[in-house]
Structure formats: C-alpha cells, structure tokens
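Residue numbers (this note's numbering), protein chains in the order written: chain A, 860 to 942; chain B, 1213 to 1629. Glycine included, C-beta positions come from ideal geometry on N, C-alpha and C. To keep things clear, I will list the structure first and then write my remarks on it.
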C-alpha cells in the first residue's frame, strides 16, 4: 500500500490516485525528430536506476497531475523531482 | 528413474527411502553449446526440448534462485488459449495441445485438468466481442462456445447471476479445453527429464555478465566461473530488464507487481476456471480444495514483490460478487511476483541485436500457460537457426516497425495491461 505525499493535499492513500507512468521526455515537435526518436521515447521507459519520476493524478483530492520520485524496489517516495 | 505404479509400490513397501533426487549437482564444464539463463518453466522447457527434439544436450541452465521458486510457482496455474489475435492464439493454442500429453511425455504427473475456462461477459457489447473471439478461435482450430445466461447458470450453478448485482453477468465465452496444471510440477518435470538427458542445471547460480565481442556472444559469467558458449537465451521473467542490461540491451518492458491468493480448503465446489471481467478476478478450486484467486496488476512499476492492500480488497470484492459463499472463507496464503510486461502487453521472443543471444520476455502474467510452446519453439530456433512461424511475430524489433500485438488495444501502458 502506497501512502502518496501529494504536494497539495498531504499524504493520501494510493486508491485516491490514478497512475500515469514514468515521466517521459518527448522528442521536439519541430519536424526535426525521427521515427526512431519517437520509438525510443514511447517504448523505452524502464528506469536506469531503481528511482523513477512518475506522474500521479489525484482524483479524490486536488484533481491535479503531480510528479513524484519513488524507489521501485522499496516503494519509498523521495524528494519531489522535476516540475 | 522411470516412475510407474510398480516403482511406487516397490518403494511404498521399502519405506520410500531410495527415491533418487530429481535435481543433481553437476560439475560445471568450461564450455557449453547453449546456455539458458533462468531455470523457470520456460527455460527448463527450452532445455528439455533441445535435448528431446534436437539431441542438443551440451546445455547449461543457470537459475539465480531455486527450481520452482520463481514466477513458475507464483501464478494461478490457469491454461487457456482464448485470444483474438492470430499470433497470441497460435502460440498459446500450441501450448494447450502440448499440455494434453505432457504428463505422459515427461513421466511426471502435471495434474493437467481441462475443467473448462469460463470468461464472463457483463454487457451485450462484451458478449458480442467474445463471440468475435470465439469465432476467431474456431477458425484457428480450437473449441469455443458462447453461453447465454440459462446455459451459463447450468454450467456453473454456483455463480451469482442476479440482475441486482453491481455488474450483472449476461453470458460467457467457454473454452472446455482450458483448465489448470500444477505449476511447480511443470518446473520439476521439465528439469528432471532435461537432467536425465544430460543437461546441467545449476541452482543458486545467477548469470552476472555476458562476454560479448564484436557484436557476438562468446560466453557468460557466473559467480562460479566464466563459461564459453555459442548461444544463450535470456528467459528470466521479472528480472528481464536487469539481466538484459548486463548485455547492454534496453527492453521495452516494465516490471509490475501481480498478486495471488489461496483460501482455506473446502469440499469440491467449483469444477471450472471462472474469470470475472468487470475489473478482473480469476478463480479456480485446486484438487486439494483451496480456491486460488488472482486479479489485475497492482497498477504501477514495482520490483518490490510486495502487494498493495488495495488490490487484495479489489480482487476479493469481485470474487464474492461471483460466488457470494466465498465471503465465509479465510485467506490462507497470499503472495506476489514481478511480472515483466511489454509495451503492447505481449511477449518478446526471438533474436536480440547481439548475435547468438536470444531473448524470451514480456510474458507479464500470461507466461505460465505458454510454457511448453515457448520451450518447444525456442529450442527449434536455437538448434536450427531458423525462426519458427509461431514466434516470428513476437520479435523484439516489432516495436520499432510498429507491428505491435496488442490484444486488448490498450497502448504502450504496461501497468494497464
């Protein structure tokens, strides 16, 4: 069971959230990116370390997408990462 | 040693003392033709079919844990082939055909029980989709039927089908050839026959590195020494991402936790495998009388092998909607395992960018049912060098080519598959 530290609402039960997966770095939308760039961005999301920055949508709270850093081995949330 | 009624009787009289151990401790050679990384059902089946069908016995299987201790023994033992897409159906239906005779072939009782797999539909639209799937299965040569409510109630009298249910049931897809197989017996059975044929199986011995030069596999590293080999196959389920990284291969796969549950045993009550689709809950009763249940994944990336309580509540709520009498039973055991789920929710079987190194991953929580077919086809690929038709669609490069096999049409979100 995850106790998710929502920056807007405080620690809340995981059942209040929808998981949005790891934060993606999308290729530039200026016509300069290739099919391979998109293939890599869409299909390769496993983290280089056990720490992963993820999106959560707080359905039963602030109704906002939040970004949190979590250790996928221990389920510990660490300092908030990214915007 | 051949198991038979006579061998059982002889040892029963002699106090059951001279049963030979299934698993031996072989001496490690410096070189093997083929190394199988991962001694689960898939890896051991690969080794067995290499020996039995292709007479390749200079094979080593390296298992980081123990035989029958990984995902092979963490699933809910269900076998079926009710898949819509040709590639998914073909491989799993081939497995279903192999399961039927495998106990005889392995001389090991896998307790294959084709008691019927019943997939419940909760709306007319869902039943229509099931009809499409049943027709596809029939075209592929499998049996499948669609039951309306009265017939379904006859087939599964214990099922609650009241119209006042939260998600009323309106019919079902039934595959009578589906059922259950004793999961750890599969690992032991394949291991025993492979070892008898001369395959070396090493337990508590992980592969810690791959020796790759000029894009070609030369050998593998283990804590007990380095081995040279011509070919290897990575078949390590939940550990796939980490093991593939040792060979500098990125996999379009994410590790996600899946849980399963067993109740206390009661008298025979349910003779079919039933799957509830409003949410997800699959249930069967073991020969011993316990109910085995499973559900959806925990829904987020995890390698913790520690289940979320929310999922337990969710699965049990759906189970009691199907069979209200289950509310009187207590859970006896509960466990979880790391499923390797690919970006289209389907398996990755075949070549890697490294010559001589094959991969078998992405089975998520659908791997057990496919065990013999994957072993059979992977052995053919390793022994002949020709890509078998049944596994060709599962190529690693299908993601770049856009040839995804997304049975559920979910998209690149493994936690939703």
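Cα-Cα separation, residue i to residue j
i, j, result
"residue 1322 of chain B", "residue 1214 of chain B", "15 angstroms"
"residue 1419 of chain B", "residue 1583 of chain B", "21 angstroms"
"residue 1507 of chain B", "residue 1535 of chain B", "15 angstroms"
"residue 920 of chain A", "residue 1262 of chain B", "56 angstroms"
"residue 1467 of chain B", "residue 1550 of chain B", "6 angstroms"
"residue 927 of chain A", "residue 1229 of chain B", "58 angstroms"
"residue 1529 of chain B", "residue 1417 of chain B", "41 angstroms"
"residue 1521 of chain B", "residue 1415 of chain B", "32 angstroms"
"residue 1558 of chain B", "residue 1622 of chain B", "11 angstroms"
"residue 1254 of chain B", "residue 1447 of chain B", "7 angstroms"
"residue 932 of chain A", "residue 1516 of chain B", "5 angstroms"
"residue 1350 of chain B", "residue 1485 of chain B", "20 angstroms"
"residue 1357 of chain B", "residue 1481 of chain B", "23 angstroms"
"residue 1159 of chain B", "residue 1372 of chain B", "Missing from the structure shown is residue 1159 of chain B; chain B here goes from 1213 to 1629 and no further."
"residue 1217 of chain B", "residue 1500 of chain B", "22 angstroms"
"residue 1492 of chain B", "residue 1629 of chain B", "11 angstroms"
"residue 1497 of chain B", "residue 1307 of chain B", "22 angstroms"
"residue 1609 of chain B", "residue 1367 of chain B", "43 angstroms"
"residue 1320 of chain B", "residue 1220 of chain B", "13 angstroms"
"residue 924 of chain A", "residue 867 of chain A", "10 angstroms"
"residue 1247 of chain B", "residue 1578 of chain B", "24 angstroms"
"residue 1462 of chain B", "residue 1266 of chain B", "31 angstroms"
"residue 1616 of chain B", "residue 1465 of chain B", "13 angstroms"
"residue 1353 of chain B", "residue 1330 of chain B", "18 angstroms"
"residue 1548 of chain B", "residue 1390 of chain B", "24 angstroms"
"residue 1613 of chain B", "residue 899 of chain A", "12 angstroms"
"residue 1527 of chain B", "residue 1346 of chain B", "26 angstroms"
"residue 883 of chain A", "residue 915 of chain A", "13 angstroms"
Assigned exposure category for residue i - 16 Cβ within 10 Å defines buried
i, result
"residue 1316 of chain B", "exposed"
"residue 1525 of chain B", "exposed"
"residue 1412 of chain B", "buried"
"residue 1258 of chain B", "buried"
"residue 1441 of chain B", "buried"
"residue 1588 of chain B", "buried"
"residue 896 of chain A", "exposed"
"residue 1293 of chain B", "buried"
"residue 887 of chain A", "exposed"
"residue 1222 of chain B", "exposed"
"residue 881 of chain A", "buried"
"residue 922 of chain A", "exposed"
"residue 1510 of chain B", "buried"
"residue 885 of chain A", "exposed"
"residue 1576 of chain B", "buried"
Neighbourhood of residue i by C-beta, 7 angstroms cutoff - its chain only, sequence neighbours within 5 removed
i, result
"residue 1256 of chain B", "1273, 1399, 1402, 1403 and 1406"
"residue 1393 of chain B", "1289, 1291, 1311, 1322, 1323 and 1324"
"residue 918 of chain A", "875, 876 and 877"
"residue 873 of chain A", "860, 861 and 863"
"residue 1619 of chain B", "1295, 1296, 1297, 1300, 1557 and 1558"
"residue 1531 of chain B", "1493, 1495, 1505 and 1538"
"residue 1270 of chain B", "1244 and 1245"
Cβ-based neighbour list, residue i, same chain, cut-off 6 angstroms, excluding 5 preceding and 5 following
i, result
"residue 1285 of chain B", "1395 and 1396"
"residue 930 of chain A", "909 and 910"
"residue 1474 of chain B", "1502, 1504, 1544 and 1545"
"residue 1238 of chain B", "1412"
"residue 1276 of chain B", "1418"
"residue 1490 of chain B", "1334 and 1379"
Residue from the options with nearest C-alpha to residue i
i, options, result
"residue 943 of chain A", "A/919, A/921, A/913 and A/923", "Since the first residue shown for chain A is 860 and the last is 942, residue 943 of chain A is missing from the structure and cannot be characterised."
"residue 1283 of chain B", "B/1269, B/1314, B/1251 and B/1294", "B/1251"
"residue 1337 of chain B", "B/1383, B/1626 and B/1414", "B/1383"
"residue 1234 of chain B", "B/1218, B/1276, B/1358 and B/1280", "B/1280"
"residue 1572 of chain B", "B/1606, B/1363 and B/1330", "B/1606"
"residue 1627 of chain B", "B/1301, B/1513 and B/1238", "B/1513"
"residue 1471 of chain B", "B/1485, B/1523 and B/1561", "B/1523"
"residue 1460 of chain B", "B/1491, B/1435, B/1449 and B/1427", "B/1427"
"residue 1624 of chain B", "A/925, A/924, A/922 and A/905", "A/905"
"residue 1318 of chain B", "B/1409, B/1266 and B/1287", "B/1409"
"residue 1303 of chain B", "B/1595, B/1613, B/1580 and B/1615", "B/1580"
"residue 1378 of chain B", "B/1236, B/1320, B/1488 and B/1421", "B/1488"
"residue 1240 of chain B", "B/1386, B/1232 and B/1433", "B/1433"
"residue 1542 of chain B", "B/1360, B/1435, B/1231 and B/1478", "B/1478"
"residue 1260 of chain B", "B/1594, B/1388, B/1613 and B/1601", "B/1594"
Expected contact under 8 angstroms - CB spacing of residue i and residue j to nearest Å
i, j, result
"residue 1603 of chain B", "residue 1574 of chain B", "That belief does not hold up - the Cβ atoms of residue 1603 of chain B and residue 1574 of chain B are roughly 12 angstroms apart, past 8 angstroms."
"residue 1344 of chain B", "residue 1381 of chain B", "Incorrect: roughly 19 angstroms between the Cβ atoms, too far for contact."
"residue 1611 of chain B", "residue 902 of chain A", "5 angstroms"
Beta-carbon proximity list for residue i, same chain, < 8 angstroms, skipping 5 on both sides
i, result
"residue 1424 of chain B", "1430, 1459, 1460, 1566 and 1569"
"residue 942 of chain A", "Any reading at residue 942 of chain A must be qualified, since the residue scores a pLDDT of 39, below 50, and its modelled position is unreliable; no value is offered."
"residue 1483 of chain B", "1327, 1328 and 1497"
"residue 1365 of chain B", "1371 and 1373"
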